[in-house]
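S.K.:
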Amino acid sequence: MKQIASKSAIHAICFLSFMIAFPVISFGELASWLKVKYSPVQDKIESIPIQSIDKDWSKVLVLSKENQPQDVLKDLEDRERHGYRFQLEGDFNKDGEKDKALVGVYIDKAGVVGRFLLILTNAKAGVWEKTFLYKSPGESGFSILFYEKGHLSFSACMDCDDFADLIWEKGNYRLKWNSCC
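FYI, in this note's numbering the residues of the sequence shown are 1 to 181.
1. Take every Cβ of the region 54–61, pair it with every Cβ of the region 80–98, and state whether three or more of those distances are shorter than 8 Å.
2. Answer with buried or exposed for Leu118, where buried requires no fewer than 16 other C-beta atoms within 10 angstroms of its C-beta.
3. Identify the residues that DSSP records as bridge partners of Pro49: which are they?
4. Excluding the 5 residues flanking Asn122 on each side, which residues of the same chain have their C-beta closer than 7 Å to its C-beta?
5. Just reading off the beta strand (DSSP E) that Val72 is part of, what are its end residues?
6. Using a Cβ-Cβ cut-off of 8 Å (strictly less than) and excluding sequence neighbours within five positions of Leu175, which residues of its own chain qualify?
7. So, at 8 Å on beta carbons, what are the nonlocal neighbours of Val103 in its own chain, with the 5 sequence-adjacent residues on each side left out?
8. List the endpoints of the continuous beta strand (DSSP E) containing Tyr106.
9. Using CA coordinates, which residue listed in Ala156, Gly126, Tyr147 is at the minimum distance from Ser140?
10. Just how far apart, CA to CA, sit Lys55 and Lys94?
11. State the DSSP-derived secondary structure class of Lys37, mapped to helix, strand or coil.
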């Protein structure tokens, strides 16, 4: 009787088949928030003209539940219980003044789009002023905030290990990036 294939050849074929099929099974379709792109249409943030925040900006869109597609809202629903928000208020630098963190997208005068994280401080009763701005040019996509273990964190994903903690150090904010890889 003629042997068609050896055991090791069959194992190799099974292994290769698994390796080829695995990414399709594992990754499937992208999460809703990774696919969404936003159109900046606002010229003020909390009554502040955007040119006072960044002189090169043309328009912005502060992200909120109100400007999210239904599939993103559905995905966000469960994560809100864990502190995920588009805007958060607190005293992030422990100076006794109320701070507000916001995320959004921008387009500048040169047509470059990107994401932003903005920290405002309520320096005078009811008047917000910029204390920190982080810009990430490249995509006008999703970003989110979460507050955990005394740290405000910023991410472009709700299920990723790639995020930044907002740190108050020597009188200034900075981002400390964390990554799984």
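Here a beta-carbon is modelled for each residue, glycine too, at the ideal position from N, C-alpha and C.
M.R.: Short version:
1. no
2. It is buried - the Cβ of Leu118 has at least 16 other Cβ atoms within 10 Å.
3. Lys44
4. Glu97, Lys98, Trp128
5. Here Val72 belongs to no beta strand (DSSP E); instead the alpha helix (DSSP H) covers 70–80.
6. Once the five neighbours on either side are set aside, the close Cβ partners of Leu175 are Leu117, Tyr134, Phe154, Ala164, Asp165, Leu166, Ile167.
7. Val62, Leu63, Phe86, Gln87, Arg115, Phe116, Leu117, Leu118, Ser143, Ile144, Leu145, Phe154
8. 99–108
9. Ala156
10. 29 Å
11. strand
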